[in-house]
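Notes to accompany the following structure.
Number of protein chains: 2
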Amino acid sequence: MLRALPCALIALLTGSVSAAEITTIPDAAVKQAIALRDQALKDGQAYALLESLTTEVGPRLAGGVNDEKARNWAIAQFKQLGFDKVWSEPVTFPKWVRRSESASLVAPFPQPLAVTALGYSPATPKGGVTAPIVMFNSLDALKAAKRDDVKGKIVFVSARMKPHRDGHDYGIGSPIRSRGPAIAAELGAAAYVLRSAGTDSHRLPHTGVTQWKEGGPRIPAAAVSNPDADLIEAALRRGSVQLKLQLDCGIEGDYTGANVIGEITGSEKPDEVVIMGGHLDSWDLGTGAIDDGAGVSIGMAAGALIGHLPQAPRRSIRVVAFANEEAGLYGGKAYAAAHKQEVSKHVLGSESDFGSDRIWRLSASVKPESLPAIDKMMQVLAPLGVERGMGAGNGGPDLSPIHAEGMAALSLTNDGTRYFDYHHTADDTLDKVDPEQLAQNVAVYVSWAYMAAQADGDFGSAPGAFKQNGDDD
Amino acid sequence: MLRALPCALIALLTGSVSAAEITTIPDAAVKQAIALRDQALKDGQAYALLESLTTEVGPRLAGGVNDEKARNWAIAQFKQLGFDKVWSEPVTFPKWVRRSESASLVAPFPQPLAVTALGYSPATPKGGVTAPIVMFNSLDALKAAKRDDVKGKIVFVSARMKPHRDGHDYGIGSPIRSRGPAIAAELGAAAYVLRSAGTDSHRLPHTGVTQWKEGGPRIPAAAVSNPDADLIEAALRRGSVQLKLQLDCGIEGDYTGANVIGEITGSEKPDEVVIMGGHLDSWDLGTGAIDDGAGVSIGMAAGALIGHLPQAPRRSIRVVAFANEEAGLYGGKAYAAAHKQEVSKHVLGSESDFGSDRIWRLSASVKPESLPAIDKMMQVLAPLGVERGMGAGNGGPDLSPIHAEGMAALSLTNDGTRYFDYHHTADDTLDKVDPEQLAQNVAVYVSWAYMAAQADGDFGSAPGAFKQNGDDD
């Protein structure tokens, strides 16, 4: 399999690919996709779904009080939107609970801090952990630390993320949050605190998952808000600083939730599916509007628009509301495990999980012979402001496991400039979603999904087909 | 006393005021003021003071754990900055304490809410108050409500504030917060909740003081953040909504704090003072950077620049770090009560208490014969972007009581566009202060204060001189 457009062009131009193998989109399908696109831009369905989910369900921590309620909401919505098959597939994971959290500088300048525990963090001992802070500016600096400088202290890693359209500074913040705690634990730290992996300046810390080595040491891990991190740094410029951290949280056995799936059955090839969606779980601090109620709502609304056509699509349209993405892609992995035998039947897929600001880029991991079909999609998407990305797409977090099994995938990149202002904070609420940009997202999804469902030919899905591909997001 | 420039011009032009009565600024003083202004723009003193106060003291709830610490900080800073007289004057007030606070929608859609108790709110009974919400869109609508529609319910007043350069929508939000609770209590409400008096969209509610009738009923009163208010409204659109409010807070007897005062003694007329400053207390949620660490730092830094001149000013420069502005101008009222016999000696005054974004307007409450001196000040201030306001100035919150006694006053209006994003929230932290704009503030204060100290003639301060004046801020 070839990754990028130039290779495909070479293959086509040199005649090494025969015309019969080329995937195309019928003109009638392009015309219909344009009509769907324009309808979607005027359609308030996705926003109504998102308003309903955030109001009537709210925060959706995987395994938490609203897990089942959210699944029931999704089942009801799929049915009401006219999806003709609606079912659930079980997903099991260790259930993490947050009970309470607080932190303060205790010396030399006592001040409360805005703090939040990280997912899968253990609790502090009763009474909390009080210890001197040792600060690092990067994960590499922490890795290079001597055990004697870290042992018994609270490791504080402070690196700033800047906003970018493609959100690439999350590549700095995310590993500091997810991998830093285990590294600090190995070095004997008493606890771990990071400057939030976020681009805002509000007293709302960013939570997120941590990754631990099986059988390795675990320590309490938390994030402070950016202004609190500034304060800690200001205090440290004056000398030694003692921090107190109190976290009551931890794992409470296993929980079985589910991926909730709705399908519009195809008229010609019902066993072949075009797949989209988002994850139904969210962190508990906000109501999960941008992460990822938006993705679920976009998928549902796009699927419904196709479902309401007088003529069913040739292939099936499958929308998945994934379980527990946040704590480690549990829903996406369960889906891939359950469906890997049918990977060839997963014609093309893309999950929305980067908010719902304007989509500006399409990146494709498809076989070169299908690039003319992607070009056709681009003709429909370009008026929406979508550019062709030259890298490969992994289909988004929850579809990356089945993409790794061989499903052809698109990555549709939102404008992420303000995404990390709100991501994983209490501020992830409905008011952060712009209805007009959300509708642009639905227009993008309905367009490519419909054209994929109507395509003459496939996009290269086959067992192991995209093993070489990375993700350029 | 005449309020506005045209009247003064008429008086001067018609010759009804003799030249001998006209207040002027000597040319040498104008020249020196320009040098001080330009020095201030390059001076980092105010920012260093503010960084010190927010880092080493932090939140400064009046009567709270940091009240005395903040006063000691101010005394030490005044001395270190070379103020030759430093003293405290006692201020006594009812001490209000915040212990804990939480709220949630309990039916039909259980969700936690971001809430904060309002100053002087009583606690809820143990176990909290749970009751249906009755919503009003304005204070007038609440005032017009029937007792039967309110009794036993939780009153929710939801009005949005928009950002403006002069912050005038606080004229909507402030009375809803301060006066609404007493009105709801008179109508038999169980509790009172408002949409935060703020212009932001963050899950950080805005606290602030409440006003109660002596001997009248009091009910628990709190603010929810703007996104939480949106959620309550969305739930109410679907029907009846039950809210649970738990506040542990209340008055714990009286506390005696102090106004902390630093003075640069005048060389010719030491008993005549030019007065400026800010309030040292803050709400407890943030570190009180914009409200009002900035004002204290601006006054201290401006005073210090004058104090470091080789030649002392003719009149004294007095900088006051006022006690407990937030709960009801206790410091400002105590100052006026202690000094009203000397009101004629308070030549001119202005407090900074609207953040430290760029000052764009000067409004004056002075005698008409001193308007030529104000014009001279404007020549020095105009290059800083300051316009002449046509309304009257009351000298800022803590100087308004002594202004009401007869002190001539300036109001220097900051750009308040983003002030109510942070005001009275956990987000009032140092990162919200722009060092460059803060320096512009110091440049404004040092300029007018120096010229007032050097003026030939006065600005009209006399017992009862400004009784007619309101405030155009």
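In the order they appear, the protein sequences are chains A and B.
Take 1 as the starting number for the first sequence in full-length UniProt numbering and just add one per residue.
Take 1 as the starting number for the second sequence in full-length UniProt numbering and just add one per residue.
Glycine included, every Cβ here is placed at the ideal spot set by N, Cα and C.
Keep in mind the model is a prediction, meaning the values are calculated, not measured.
Under the DSSP assignment, Glu-101 (chain A) falls outside any alpha helix (DSSP H), being part of the beta strand (DSSP E) whose first and last residues are 85–107. Thr-24 (chain A) is a Cβ neighbour of Lys-376 (chain A), given a cutoff of 9 Å. Per DSSP, reduced to three states, the secondary structure at Lys-31 (chain B) is helical.
In the three-state DSSP reduction, Val-343 (chain A) falls in the helix class (H, G or I). With its beta carbon less than 9 Å from one in chain B, His-202 (chain A) belongs to the interface. Annotated three-state conformation of Gly-253 (chain B) is strand, per DSSP. Under the rule that a run must span 3 or more residues, the beta strand (DSSP E) segments found entirely inside the segment 211–264 of chain A read 221–224, 242–264. Nearest to Asn-72 (chain A) by alpha-carbon distance, out of A:Ile-261, A:Gly-208, A:Pro-110, is A:Ile-261. Close to chain B, meaning a Cβ-Cβ distance shorter than 9 Å, are the following residues of the segment 213–233 of chain A: Ser-225, Asn-226, Pro-227, Asp-228, Asp-230, Leu-231. Taking every protein chain shown into account, the CB of Asn-137 (chain B) has fewer than 16 other CB atoms within 10 angstroms, so this residue is exposed. By the C-beta density criterion, Thr-256 (chain B) is exposed, having fewer than 16 other C-beta atoms within 10 angstroms. Residue nearest to Tyr-330 (chain B) within the set B:Ile-402, B:Ser-225, B:Gln-77 is B:Ile-402 (criterion: CA-CA distance).
One finds nothing in chain A with a Cβ atom closer than 7 Å to the Cβ of Gly-389 (chain B); even the nearest lies about 31 Å away. Distance from the CA atom of Trp-212 (chain A) to the CA atom of Glu-263 (chain A), rounded to whole angstroms, is 37 Å. In the three-state DSSP reduction, Pro-372 (chain A) falls in the helix class (H, G or I). When the Cα atoms are used, Gly-63 (chain B) and Cys-249 (chain A) turn out to be separated by approximately 34 Å. Residue-level contact check: Arg-238 (chain B) touches chain A, since one or more beta carbons of chain A fall below 9 Å from its beta carbon. In the three-state scheme derived from DSSP, where H, G and I count as helix and E and B as strand, Asn-72 (chain A) is classed as helix. At a Cβ-Cβ threshold of 9 Å, Ser-316 (chain B) and Ala-409 (chain B) do not count as neighbours.
For the pair Asp-84 (chain B) and Thr-265 (chain B), the CB atoms are nearer than the 9 Å cut-off.
No residue range can be given for Ile-290 (chain B), since it is assigned to no alpha helix (DSSP H) and is classified by DSSP as neither H nor E.
With respect to the 9 Å criterion, Ile-133 (chain A) and Leu-236 (chain A) are classified as neighbours on the basis of their beta carbons.
Considering only A:Ala-114, A:Lys-146, A:Gly-82, the residue with the shortest C-alpha distance to Thr-429 (chain B) is A:Ala-114. Taking a beta-carbon distance threshold of 9 Å, Leu-430 (chain B) counts as an interface residue toward chain A.
With a cutoff of 9 Å on beta-carbon distance, Thr-417 (chain A) and Gly-167 (chain A) are scored as near each other. At least 9 Å separates the beta-carbon of Leu-305 (chain A) from that of Leu-53 (chain A). The DSSP-derived three-state label of Met-161 (chain A) is coil.
Residue-level contact by beta carbon holds for Glu-56 (chain B) and chain A, with a gap shorter than 9 Å. Contact annotation, Ala-449 (chain B) with Met-276 (chain B): C-beta distance approximately 6 Å; criterion of less than 8 Å satisfied. Taken in chain order, the members of the segment 106–128 of chain A whose beta-carbon sits within less than 7 Å of a beta-carbon on chain B are Phe-109, Gln-111, Ala-114. With a threshold of 9 Å between beta carbons, Thr-287 (chain B) makes contact with chain A. Non-local beta-carbon contacts of Met-451 (chain B) in its own chain, meaning distances under 6 Å to residues more than five positions away in sequence, involve Ile-25, Ala-29, Ala-33, Met-377 in chain order. Taking a C-beta cut-off of 8 Å against chain B, the contacting residues of the segment 35–61 of chain A are Glu-51, Thr-54, Thr-55, Glu-56, Val-57, Gly-58, Pro-59, listed in chain order. Taking all protein chains in view, the Cβ of Pro-220 (chain B) is crowded by 16 or more other Cβ atoms within 10 Å, so the residue is classified as buried.
When B:Phe-109, B:Pro-397, B:Phe-78, B:Asp-427 are compared, the shortest CA-CA separation from Gly-328 (chain B) is found for B:Pro-397.
At a cut-off of 9 Å, the C-beta of Thr-425 (chain B) has a neighbouring C-beta in chain A.
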